[in-house]
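For the sequence shown, our numbering gives the first residue as 377, with consecutive numbering after it. Beta carbons: idealized from backbone N, C-alpha and C, even for Gly. Presented below is the structure to which this report refers.
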Amino acid sequence: MFKYASIGLLLATVLVKAQDDKNEIGKLASNMASMEIAPQQERGNEVALINQLLPLIKEKEAKEDPIACFQLASIYYERAPQAYAEEIVRLYIIAAEAKHIDSCYILGMAFYSEQLGLKKTDARLVKYLTVAANAGHSAAPSYLGLTYLHGVGVEKDVKAAIEWLDKAVEHNHVVGLCTYGVLLRAGEGIEPDYPRAKEYFERAVAKKYAYALTQLGVMHQFGEGCEKNIHEAVHLYYQAIATGGHQDKQDQAFLNLGMLYLEGTEIEQNIDKAERYLITSADWGNRDAQRIIGMCLVEGQILKKRTYTGLTYLARAAAQGDEVASSLLGVEKNSLTLLARSGNKEAQRVLGICLMDDTIFEKDKEFGLGYIRMVAEQDDELAKLMLEEIQNLS
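What follows is the structure, encoded as structure tokens:
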């Protein structure tokens, strides 16, 4: 995910660039700065000020001034990113081609995260991020490392990925620190180095990065680069969850806690917590949690048997490529089809998911979506959640 410049930053850059009107704009900015604005009033006042400056920005944008193009693109994004998507991209490209660093980074990240109608397979992803990184942008090296590591928009090259991650570490950027830390733990394309991995995670933790807390918890749970300490691991997982909240969801921390409470071999068993944490992780998209909670609910030995809820989670795991979940669902295919046709809404929900993904059953997307909509109309919460996920993906 990438962030666009705030309106406050836009005002600052307008003031720097707008030499022709500096007295009037300076007066506006001075008045703005001297106001005591209540939180609910602040955005309205900022927007009013931007509206006064907009004609000047558009005048400069017409001359392809890179900063004005950057400003106008950012304003459009603040107002209606979907409606203005093509224009936003056009303006950022003008600025990026003029080597405007923030525009290069924003465009690179738009390609990386496939926002504004852009695709991560586009070679401009690497082009713009490279310009930003070479100009000293602190975040760009981290994402260049990821592009080379996973072959996104460029041929996979672990050596190049590590070179960029080295630069990310120099900038002390949390994404680069954690990406490098994971590589050092796994020994992928590089010699395993637990102490160094732990150091990088700790540096990211110092910047309150939730994912780093989860990774440190894993190292303490399994004694990687430190003595095994389950209680410290549990403490770190809870910290990760609290730090991440709903913005930076730590599904892995919930999964690991859920498994510890489910097994009860290293901490006191707590089935209620185990079920709650595994379901949270599964609902946040963790494939392993979806498979585990699905199997537990279908089998009904440890947790209360809820066959169709369990099958729903297995279907979601299978849709993410989990082979075990796919195999278990294959056994149920015929009975699911018969029950769905007879009007069983639980079977309709599960079959709907399965038909939408050809890694589970032979694909029939429209038929599957029809089943899910049918169940959602019956006020089924899981079906509603899935419809929301489908809409977000599309």
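So what's residue i in DSSP terms, helix, strand or just coil?
i, result
"Glu-699", "helix"
"Gln-754", "coil"
"Cys-445", "helix"
"Val-610", "helix"
"Ser-518", "helix"
"Cys-730", "helix"
"Ser-657", "helix"
"Ile-643", "coil"
"Glu-765", "helix"
"Arg-682", "coil"
"Leu-494", "coil"
"Tyr-689", "helix"
"Pro-457", "coil"
"Lys-439", "coil"
"Gln-677", "coil"
"Asp-533", "coil"
"Gly-719", "coil"
"Ser-450", "helix"
"Asn-548", "coil"
"His-476", "coil"
"Lys-398", "Below a pLDDT of 50, predicted positions are generally treated as unreliable, and Lys-398, at 38, falls in that range; the measurement from the model is reported next regardless. If DSSP states are grouped into helix, strand and coil, Lys-398 belongs with the helices."
"Asn-662", "coil"
"Ala-499", "coil"
"Ala-759", "helix"
"Ser-410", "Note that Ser-410 scores a pLDDT of 38, beneath 50, so its modelled location is shaky; the value from the coordinates is reported in the next line. Note: Ser-410 maps to helix in three-state DSSP."
"Gly-557", "helix"
Give the straight-line distance between the Cα atoms of residue i and residue j, rounded to the nearest whole angstrom.
i, j, result
"Met-595", "Phe-630", "16 Å"
"Ala-695", "Arg-579", "36 Å"
"Cys-554", "Leu-758", "33 Å"
"Ile-729", "Ile-669", "17 Å"
"Gln-416", "Ile-606", "Confidence is the limiting factor: at Gln-416 the pLDDT is only 49, short of 50, which leaves the residue's position unreliable, though a coordinate-based value still follows. Distance between the alpha carbons of Gln-416 and Ile-606 is about 45 Å."
"Gly-557", "Ala-609", "17 Å"
"Gly-744", "Tyr-653", "29 Å"
"Gln-428", "Ala-444", "15 Å"
"Tyr-637", "Leu-430", "57 Å"
"Lys-403", "Ala-424", "Unreliable positioning characterises Lys-403 in this predicted model, as indicated by a pLDDT of 37, which lies under 50. A coordinate reading is not provided."
"Asp-698", "Val-550", "29 Å"
"Lys-496", "Glu-531", "12 Å"
"Met-548", "Gly-493", "Reading off the sequence shown, one finds Asn at residue 548, where the question assumed Met. Answer to the nearest angstrom: the Cα atoms are 31 Å apart."
"Leu-501", "Phe-487", "5 Å"
"Glu-454", "Gly-529", "27 Å"
"Ala-701", "Arg-663", "10 Å"
"Glu-463", "Glu-490", "16 Å"
"Gln-754", "Leu-704", "27 Å"
"Gly-593", "Thr-713", "43 Å"
"Gln-615", "Gln-628", "13 Å"
"Met-762", "Leu-432", "46 Å"
"Gly-661", "Arg-466", "34 Å"
"Tyr-684", "Ala-691", "10 Å"
"Glu-437", "Leu-448", "8 Å"
Whose C-alpha, out of the options, is nearest the C-alpha of residue i?
i, options, result
"Val-751", "Cys-730, Arg-725, Ala-665", "Arg-725"
"Lys-625", "Thr-656, Ala-474, Ala-449", "Thr-656"
"Ile-469", "Leu-589, Gly-686, Tyr-504", "Tyr-504"
"His-476", "Gly-599, Ala-618, Ala-509, Lys-681", "Ala-509"
"Glu-564", "Tyr-613, Val-534, Thr-506", "Val-534"
"Lys-583", "Lys-439, Gly-593, Val-700, Thr-619", "Thr-619"
"Val-507", "Lys-495, Glu-490, Gly-484, Leu-525", "Gly-484"
"Ile-426", "Tyr-452, Tyr-689, Tyr-613, Glu-575", "Tyr-452"
"Ala-586", "Glu-603, Ile-617, Leu-559", "Ile-617"
"Ala-665", "Ser-489, Ala-461, Ala-693, Leu-727", "Ala-693"
"Arg-667", "Tyr-689, Val-674, Asn-632", "Tyr-689"
"Arg-561", "Gly-599, Ser-711, Gly-706", "Gly-599"
"Arg-682", "Ser-711, Asp-648, Glu-722, Ala-658", "Glu-722"
Does residue i get closer than 8 Å to chain C when you measure Cβ to Cβ?
i, result
"Val-700", "Looking at the structure shown, chain C is missing, and only one protein chain is on hand."
Touch test, the stretch 535 to 555 against the stretch 514 to 524, Cβ-Cβ under 8 Å, three pairs minimum | The stretch 535 to 555, when compared against the stretch 514 to 524, does touch it at the 8 Å Cβ threshold.
Which runs of the beta strand (DSSP E), 3 residues or longer, sit entirely within the stretch 560 to 629?
-> Those beta strand (DSSP E) runs which fall completely within the stretch 560 to 629 and span 3+ residues do not exist here.
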